[in-house]
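If you count by our numbering, then the sequence shown holds residues 18 to 208, one letter each, in order. From the three backbone atoms N, C-alpha and C, an ideal C-beta is built for every residue, glycine too.
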Amino acid sequence: MSKATLTTFRIFLSAGLVFLFCTFSAAGFAQNTYKEPTRRFTIDLPEGYKMAPQKNEYVYQFKGQGPGIMVTFFPAKNETEMFKMALGLMKKPMPDAVLQGNVAKMELNGNPALWGIYKGTAQIKKSRAQAELFATAGSVMLKDGGLMFYSMYGAKKKPGWEGKLKSAFYSIRNADTPVTGITNIEPVQVK
Numbered sequence: 018m019s020k021a022t023l024t025t026f027r028i029f030l031s032a033g034l035v036f037l038f039c040t041f042s043a044a045g046f047a048q049n050t051y052k053e054p055t056r057r058f059t060i061d062l063p064e065g066y067k068m069a070p071q072k073n074e075y076v077y078q079f080k081g082q083g084p085g086i087m088v089t090f091f092p093a094k095n096e097t098e099m100f101k102m103a104l105g106l107m108k109k110p111m112p113d114a115v116l117q118g119n120v121a122k123m124e125l126n127g128n129p130a131l132w133g134i135y136k137g138t139a140q141i142k143k144s145r146a147q148a149e150l151f152a153t154a155g156s157v158m159l160k161d162g163g164l165m166f167y168s169m170y171g172a173k174k175k176p177g178w179e180g181k182l183k184s185a186f187y188s189i190r191n192a193d194t195p196v197t198g199i200t201n202i203e204p205v206q207v208k
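As structure tokens, then:
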């Protein structure tokens with residue numbers, strides 16, 4: 018990737034992030050904060066989201082009016098391995114998933130992270146019909162381990178929910194620390 022392309026990517030990504038934060042702040046985007054009880058992480062979820070009953074001590078599923086969010090904690094992984102795990106989850110229902118834009122490598126609230134959005138199709142259960150879907154995949158290395166973030170949603174929900182899911186991901190941080198923002202953004206290849 019040329020230096021000019023990389024600079025342009027950083028400018029557009031930075032402008033988009035500023036727009037998202039300003040839009041949600043100005044629009045009164047209500048969030049509720051989930052603080053993991055053993056202090057593994059903190060995340061700000063869209064309004065009305067609650068954690069579903071936990072079946073595994075490392076898997077957290079959050080449900081609300083929109084797409085479900087799954088966060089998985091790993092005591093000893095790195096952000097690239099966790100991101101690849103999210104891609105593996107996505108490829109099961111969406112084997113033709115294609116990256117939309119670039120995977121962004123960043124410092125998220127002081128922690129190394131990766132983020133990407135994918136588009137593909139999935140077969141609707143008990144039907145021959147196909148549905149166009151989007152999936153968000155992210156990973157963050159925190160002080161006590163890493164988190165994998167994953168959500169899948171239909172094309173009709175993309176305009177209303179993509180920004181909310183991205184905002185939730187951008188809020189992931191170590192327990193009892195504030196959201197400090199995103200720095201050092203650059204596109205990377207993850208295969």
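The C-beta distance from F166 to I134 rounds to 12 Å, too long to meet the 8 Å contact threshold. In the DSSP secondary-structure assignment, E149 is bridged to T138.
In this structure, T59 lies near A192, with their beta-carbon atoms less than 9 Å apart.
Assignment of P54 by DSSP, reduced to helix, strand and coil, places it in the coil class.
Annotation for A121: the continuous beta strand (DSSP E) segment containing it runs V120 to L125. Between V207 and K108, the C-beta gap is not smaller than 9 Å, which leaves the two residues out of contact. In the structure shown, the three-state DSSP call for K108 is helix. Judged by DSSP in its simplified three-state form, G177 adopts helix. In the DSSP assignment, T194 falls outside any beta strand (DSSP E), carrying neither H nor E.
Between A69 and K80 a beta carbon distance of about 5 Å is seen, short of the 8 Å cut, so the two are scored as contacting. The three-state secondary structure of E96, taken from DSSP, is helix. Note on P84: 16 or more other CB atoms within 10 angstroms of its CB, so buried under the neighbour-count rule. Restricting attention to K136, A172 and N128, the CA atom closest to the CA of T197 is found in N128. Exclusion of the five residues before and after A152 leaves M107, Y135 and M169 as the residues of its chain whose Cβ lies within less than 6 Å of its Cβ. When DSSP reads this structure, M158 sits in a beta bridge with G163.
Under DSSP, G171 takes part in a beta bridge, and its partners are L150. The DSSP-derived three-state label of K72 is coil.
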